[in-house]
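According to the working numbering, the residues represented by the sequence shown are 7 to 351, in order.
The structure appears right after this line, and notes come after that.
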Amino acid sequence: MTVTYENVHNKFKLNGFHLDKDDLCRVAYSFIKEGEDFEKPVGDFLLDWFDNKEFIQMQTSGTTGTPKIISVSKQAMVNSALATGDFFGLEPGNKALHCLPVKYVAGKMMLVRAMILGLDLEFVAPSSHPLRNNEYDYDFVAMVPLQAQNSISELKRVKKMIVGGAKINNSLEKQLIKLKTEAFETYGMTETITHIAAKKVGEKAFTVLPDVTISYDDRNCLVIHAPRISDEVIVTNDIVELINENQFIFLGRMDNVINSGGIKLIPEQIEEKLAGKIDVRFFIASKEDKELGEKVILVVEGEKQAIDDAIFADLDKYEKPKEIVFVPKFKETPTGKILRNETLL
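And the structure:
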């Protein structure tokens, strides 16, 4: 039998209760009418999910431009959920935690995965400490990096987790590697209906989910072929090193590339070399320069402080920042991804 968006798995539970399609519609009305602020978007989504349309409206996060509304096939969302289930070995009855805002695709997809795969879903208000106020053990959890960071001491109750929405920094990765929890960093975007690839923390290369293949264009940017999720080939602005048609290493974004004296530099690669050497958040950017065209700058979050020149020892001549800029607070997306351009305005 083909699994469609009209199906609700008979093992599906929401906060301990078996619910079918009719039950979920009643819950949706209740959430919209009487629910808390974080429950109202759930009600709206469920009613949209079970209406007679084949598509659903989705808002992009605005990481790479102005947030916009796009139309996404419900069946493609089902196919994405099935691929996630296969990739991570999820089974009906597995206990899962939903702690993400349903306004965005990641939160919507946790609901879809639970309904389609038959997960026992515990739904809680999105917060920066999602495991703090409950004692359950979980088979599967999805978090953003800030939530994962704040849950380190409680992750012993989680068998498998995915972390997305923003890159896992070097410090968090080291902490996650030490845990018994199987932790994965995911790669994706709204247009790919959350992740199309994942890698275990500590590994360099992402592996794509079932029925996804990849290539790259003449800019060395990732091209995604996912016919069960998108009718069109998805061309990204992410510079990658292709291992094979199923694996790639993310190098950085084309939008961020700096041309300094004719040398093209990828900020994310410089940041990788500086990882662990600065104890606050930072990123590499550029400023206009009469001689070089663009000069590399280091942008540091917080109060002005002395930065030891020794931390730049591993950088090439052109990679070394010509200026250090301090910004009181970085601007970021709801998932914690730094908005570089907006921060520098």
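Idealized CB from N, CA, C, for every residue including glycine.
Values in this document were obtained by computation on a predicted structure and should not be read as measured data.
Would you call residue i buried or exposed, if buried means 16 or more other Cβ atoms sit within 10 Å of its Cβ?
| i | result |
| --- | --- |
| GLY22 | exposed |
| GLY171 | buried |
| PRO98 | exposed |
| GLU60 | exposed |
| ILE290 | buried |
| ALA319 | exposed |
| ALA316 | exposed |
| ALA82 | buried |
| PRO233 | exposed |
| ASP314 | exposed |
| ASP43 | exposed |
| GLY208 | exposed |
| ALA204 | buried |
| ARG225 | exposed |
So who's on the other strand from residue i, going by DSSP bridges?
| i | result |
| --- | --- |
| TYR142 | The partner list for TYR142 (beta bridge, DSSP) is empty, contrary to what the question assumes. |
| ALA102 | LEU127, PHE146 |
| SER221 | VAL229 |
| GLY299 | ASP295 |
| LYS19 | HIS24, ASP126 |
| ARG5 | A query on residue 5 cannot be resolved here, the shown segment of the chain reaching from 7 to 351 and no further. |
| VAL305 | PHE289, VAL331 |
| ALA203 | TYR193, VAL214 |
| ARG259 | ASP244 |
| GLU338 | ILE344 |
Kindly give me the distance between the Cβ atoms of residue i and residue j, rounded to whole angstroms, as I take these residues to be in contact under 8 angstroms.
| i | j | result |
| --- | --- | --- |
| PHE51 | VAL9 | PHE51 to VAL9, Cβ: 19 angstroms. No contact. |
| LEU125 | LEU106 | With a Cβ gap of about 14 angstroms, LEU125 and LEU106 do not count as contacting. |
| GLY308 | ASN265 | With a Cβ gap of about 29 angstroms, GLY308 and ASN265 do not count as contacting. |
| LYS283 | ILE303 | Between ILE303 and LYS283 the Cβ distance is about 16 angstroms, and since that is not below 8 angstroms, they are no contact. |
| ALA211 | PHE254 | 6 angstroms |
| MET149 | VAL111 | So it is not a contact: roughly 15 angstroms between Cβ atoms. |
In its own chain, which residues sit with a C-beta less than 8 angstroms from the C-beta of residue i, not counting the 5 before and 5 after it?
| i | result |
| --- | --- |
| TYR142 | LYS101, LEU103, GLU128, ARG163 |
| TYR324 | SER266, GLY267, ILE269, LEU271, VAL302 |
| VAL187 | The sequence given here places Thr at residue 187; Val does not occur at that position. Within the same chain, THR187 has close Cβ partners LEU161, LYS162, VAL164, LYS165, LYS166, MET167. |
| GLU197 | THR66, ILE76, SER236, ILE240 |
Skipping 5 residues on each side, what residues in its chain have a beta carbon closer than 7 angstroms to that of residue i?
| i | result |
| --- | --- |
| ASP145 | ASN100, LYS101, ALA102, LYS165, LYS166 |
| GLN153 | CYS105, SER134, PRO136 |
| LYS46 | PHE37, ILE38 |
| THR337 | This sequence places Lys at residue 337; Thr is not what is there. Hits under 7 angstroms: LEU345, GLU348, THR349. |
| LYS335 | GLU307 |
Suppose the cutoff is 6 angstroms on Cβ atoms and the five residues either side in sequence are ignored; what does the same chain contact list for residue i look like?
| i | result |
| --- | --- |
| ASN262 | PRO273 |
| VAL48 | PHE37, VAL108 |
| VAL14 | ASP26, LYS27, MET121 |
| LYS74 | THR66 |
- Would you check if there are 3 or more beta carbon pairs closer than 8 angstroms linking the segment 213-230 to the segment 78-93? yes
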